[in-house]
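Taking it in order: structure first as structure tokens, then the write-up.
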Amino acid sequence: MNSAWKAYGRYSTVGLELVVSIAVGWALGRWLDGRFFGSHGYATFAGAVVGVYTGFRGLWKAAKMMQAEAEREDREQADKLAKGEPRPREEGDEAEEEPGDE
Numbered sequence: 027m028n029s030a031w032k033a034y035g036r037y038s039t040v041g042l043e044l045v046v047s048i049a050v051g052w053a054l055g056r057w058l059d060g061r062f063f064g065s066h067g068y069a070t071f072a073g074a075v076v077g078v079y080t081g082f083r084g085l086w087k088a089a090k091m092m093q094a095e096a097e098r099e100d101r102e103q104a105d106k107l108a109k110g111e112p113r114p115r116e117e118g119d120e121a122e123e124e125p126g127d128e
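The numbering used here applies: residue 27 is where the sequence shown begins, and numbers increase by one.
Here it is, written out as structure tokens:
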């Protein structure tokens, strides 16, 4: 249960990271346009593109990390089952009823 909350905390900021990356790239490009390029919008566009790239790169890294973590957990669970250890109960698992418990 504790590891589930850690995963939620770790991956819940991915969307925020994407939006902030785009906004920072756009704002930096806008500032560069106003300061050096005479408000033509070239630096704003370039900054937004860099922000989008940076944000999606972070999203890709988080997805790869999530996939690796899920595969590791699956391997660990398969190893435990192969050794004959019982599967840990998860929320939502139906309790096994004993015969005659009607």
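By construction, the Cβ of each residue, glycine as well, lies at the ideal position given by its N, Cα and C atoms. The structure displayed is predicted, hence computed values, not measured ones.
{"Asked": "So PHE71 is in the alpha helix (DSSP H); what residue range does that whole segment cover?", "Found": "68-108"}
{"Asked": "Going by Cα to Cα distance, which pick from LEU42, TYR68, ILE48, GLY64 is closest to TYR79?", "Found": "ILE48"}
{"Asked": "From which residue to which residue does the alpha helix (DSSP H) around GLY56 run?", "Found": "Note on identity: in this sequence residue 56 is Arg, with Gly being the wrong assignment. Where ARG56 is concerned, the enclosing alpha helix (DSSP H) stretches over 40-58."}
{"Asked": "Rank LEU42, VAL40, VAL45, ALA74 by C-alpha distance to the C-alpha of GLY55 and give the top, closest one.", "Found": "ALA74"}
{"Asked": "Roughly how far, in whole angstroms, is the beta-carbon of GLY142 from the beta-carbon of VAL40, given that I think they are within contact range, below 8 Å?", "Found": "A question about residue 142 goes unanswered here, because the residues of the chain that appear run from 27 up to 128."}
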